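Chains as they are written, first to last, in the working numbering: chain E, 206 to 515; chain U, 6 to 321.
Don't be surprised by glycine CBs; every beta carbon is placed ideally from N, CA and C.
None of these values were measured; they are calculated from a predicted model.
Step one of this worksheet: look at the structure below.
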């Protein structure tokens, strides 16, 4: 019965089979989750961050668990643009889901160079501009917390990205997330994804040291869901609803009910992050659960859900 | 035999708990049983590979059953799966039994102690790369430190069962006798190293234990005990291999000793892991690139946890 429900969505001009993405940094570059699930079942797939040059990332420990959450400080470790194009793009071309490449860097020119190189690649649907990584000394979150820099980097990358959908990933570590959301939209963002992780730290009282080698990391997991939900709803009401720019809602999603809550708050689609670590096939279950919810609530078009908060 | 090339199939499977008994004060031994696809996957699992257990839904023990030093934070809601290697795997009539020897060290392992016969646990695995046996190996020396013992016990079984031509000896060390994760049963053997831990003895392997405080066996680090034994017996050169798992400082010393003696060496590394399947990039082990001064970050979960001892830049 649930198979009859159509939950395909239009997302910034892309037709997606369903509104469920895997979030950057939790699903690898391409087919790493293929042992556990069929990636074709996803609406969208967002790669690990790619920078112009390969990056080793931070020292270990890079991860620590907290109450219902975890901190990571990977430091954008990745194989770099060239190896990504050569080794991973051919695999991505076979995935079947709409693929977004998460783009990061220390300087605007680096973001632009990566976007220019990927703009002509058929295998990818869009770029996710990472201006919200809290774990690097330069770039990352410093771009995403200053509205003027958000404008500058978004418009520069938009020019370089050609026909590709440009999604800007926002940091929650700001006084008013609608300000940076508006800056991105006015500079040409085709979609917004929110939120990235919250800057946080864990201290070991015995040693009086920060547990992470980087001292601070980004908090993710169920612990951040209520905050993420609030921010999605705020950006939907203050920016997205009028501009028509869709939101990819993310932050602590682990069940179909969580995903539905984000859509009610205003997200057109959702991305599952940390929970992929616990249940690598959770996105498939979430897709099925959303269908069941629609049947139960007699929802004919999933679009009805978006921003339907009473 | 350990198929050095074969990658077994992996997945997420439900396992049924067949037992969960305490070993000494700080350790437990959990028995799991798989059927169907889980059997197919785990029957092929190699010593040194691991599985990630989902313990989120397991109950926290009653407060008076929690050791005092673990009470603070015992009720914390855990999130991530926890990685465990196997100390024994056996296949019987379409079912695969997997034994996990674990230390009671924090909120997840405390929850693990409440699992009882008949419970179901979600197990992801088998993951990573285990120990491999180079051709022409004639002598294998097993060195376990503290909680590094489980995969070494598994390897002891496989080596003695499938490699009749390899002579196996074992060393196990810990800070104190209480931190040796074994049954308290020492079998006197009249040959080899003189006496043996029951858990190695049952495979016909002589073993030696060392404790830093001298509460059992050799008084001092197990690495000193190993080095003395190698020297006294003039062991070294080709055809010999050391397999080791334990704290990183110990592994570094073992690898150094192996290098001095021109002995092959494989070490099973430990890192805090997020996913266990190579996507989160948390569990980096710095490795040398052959023929250059460069190093690269390999993933403990996917490229390891077993590495060639010569390759690892130990973080000590």
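For residue i, which residues of its own chain have a beta-carbon under 7 Å away from its beta-carbon, when the five flanking residues on both sides are left out?
{"i": "residue 198/U", "result": "With a pLDDT of only 46 at residue 198/U, under 50, the local geometry of the prediction cannot be trusted, and the value read off the model is given with reservation. So the qualifying residues of the chain are 174, 211, 212, 213."}
{"i": "residue 216/E", "result": "396, 451, 473, 474"}
{"i": "residue 208/U", "result": "161, 162, 165"}
{"i": "residue 168/U", "result": "138"}
{"i": "residue 114/U", "result": "107, 108"}
{"i": "residue 234/E", "result": "252, 253, 289, 293"}
DSSP three-state call for residue i: helix, strand or coil?
{"i": "residue 65/U", "result": "coil"}
{"i": "residue 270/E", "result": "strand"}
{"i": "residue 16/U", "result": "strand"}
{"i": "residue 33/U", "result": "strand"}
{"i": "residue 337/E", "result": "coil"}
{"i": "residue 274/U", "result": "coil"}
{"i": "residue 211/U", "result": "strand"}
{"i": "residue 409/E", "result": "strand"}
{"i": "residue 447/E", "result": "helix"}
{"i": "residue 263/E", "result": "coil"}
{"i": "residue 292/U", "result": "strand"}
{"i": "residue 385/E", "result": "helix"}
{"i": "residue 210/E", "result": "coil"}
Whole angstroms is fine: what's the gap from residue i's alpha carbon to residue j's?
{"i": "residue 292/U", "j": "residue 303/U", "result": "7 Å"}
{"i": "residue 472/E", "j": "residue 125/U", "result": "36 Å"}
{"i": "residue 220/U", "j": "residue 180/U", "result": "9 Å"}
{"i": "residue 237/E", "j": "residue 48/U", "result": "23 Å"}
{"i": "residue 345/E", "j": "residue 31/U", "result": "44 Å"}
{"i": "residue 248/E", "j": "residue 484/E", "result": "18 Å"}
{"i": "residue 218/U", "j": "residue 154/U", "result": "19 Å"}
{"i": "residue 127/U", "j": "residue 511/E", "result": "34 Å"}
{"i": "residue 478/E", "j": "residue 270/E", "result": "15 Å"}
{"i": "residue 362/E", "j": "residue 464/E", "result": "29 Å"}
{"i": "residue 374/E", "j": "residue 316/U", "result": "38 Å"}
{"i": "residue 69/U", "j": "residue 281/U", "result": "33 Å"}
{"i": "residue 321/U", "j": "residue 122/U", "result": "40 Å"}
{"i": "residue 206/U", "j": "residue 159/U", "result": "13 Å"}
{"i": "residue 53/U", "j": "residue 103/U", "result": "13 Å"}
{"i": "residue 420/E", "j": "residue 456/E", "result": "22 Å"}
{"i": "residue 251/U", "j": "residue 287/E", "result": "38 Å"}
{"i": "residue 311/E", "j": "residue 245/U", "result": "49 Å"}
{"i": "residue 16/U", "j": "residue 37/U", "result": "16 Å"}
{"i": "residue 205/E", "j": "residue 235/U", "result": "Lying outside 206 to 515, the shown extent of chain E, residue 205/E is not represented and no answer is given."}
{"i": "residue 192/U", "j": "residue 224/U", "result": "Note that residue 192/U has pLDDT 49, beneath the 50 cutoff, so the model's placement of it is unreliable and no number is given."}
{"i": "residue 333/E", "j": "residue 295/E", "result": "19 Å"}
Measure the CB-CB distance between residue i and residue j and report whether it falls below 8 Å.
{"i": "residue 133/U", "j": "residue 150/U", "result": "no"}
{"i": "residue 469/E", "j": "residue 425/E", "result": "no"}
{"i": "residue 495/E", "j": "residue 461/E", "result": "yes"}
{"i": "residue 467/E", "j": "residue 429/E", "result": "no"}
{"i": "residue 492/E", "j": "residue 223/E", "result": "yes"}
{"i": "residue 312/U", "j": "residue 289/U", "result": "no"}
{"i": "residue 188/U", "j": "residue 22/U", "result": "no"}
{"i": "residue 359/E", "j": "residue 394/E", "result": "yes"}
{"i": "residue 271/U", "j": "residue 314/U", "result": "yes"}
{"i": "residue 79/U", "j": "residue 112/U", "result": "yes"}
{"i": "residue 131/U", "j": "residue 152/U", "result": "no"}
Is it buried or exposed for residue i, if we count other Cβ within 10 angstroms and need 16 for buried?
{"i": "residue 499/E", "result": "buried"}
{"i": "residue 140/U", "result": "exposed"}
{"i": "residue 518/E", "result": "Chain E is shown only over 206 to 515; residue 518/E falls outside these bounds and no answer can be derived."}
{"i": "residue 308/U", "result": "buried"}
{"i": "residue 458/E", "result": "buried"}
{"i": "residue 408/E", "result": "exposed"}
{"i": "residue 265/E", "result": "buried"}
{"i": "residue 349/U", "result": "Residue numbering for chain U in the displayed model covers 6 to 321; residue 349/U lies beyond these limits and cannot be assessed."}
{"i": "residue 93/U", "result": "buried"}
{"i": "residue 67/U", "result": "exposed"}
{"i": "residue 431/E", "result": "exposed"}
{"i": "residue 476/E", "result": "buried"}
{"i": "residue 195/U", "result": "Annotation note: pLDDT 34 at residue 195/U (below 50); position unreliable, coordinate value reported separately. Answer is exposed; the Cβ neighbour count stays below 16."}
{"i": "residue 298/U", "result": "exposed"}
Grab me the residues of residue i's own chain with a C-beta within less than 8 Å of its C-beta, minus the 5 sequence neighbours each way, in chain order.
{"i": "residue 172/U", "result": "143, 144, 145"}
{"i": "residue 506/E", "result": "211"}
{"i": "residue 440/E", "result": "375, 382, 383, 386, 397, 399, 452, 471"}
{"i": "residue 287/U", "result": "276, 277, 278, 279, 280"}
{"i": "residue 282/E", "result": "260, 261, 262, 263"}
{"i": "residue 242/U", "result": "266, 267, 268"}
Within the same chain, show all residues whose beta-carbon is closer than 6 Å to that of residue i, passing over the 5 residues directly before and after it, in chain order.
{"i": "residue 365/E", "result": "317, 320, 321"}
{"i": "residue 241/E", "result": "485, 486"}
{"i": "residue 284/E", "result": "259"}
{"i": "residue 57/U", "result": "86, 88, 129, 281"}
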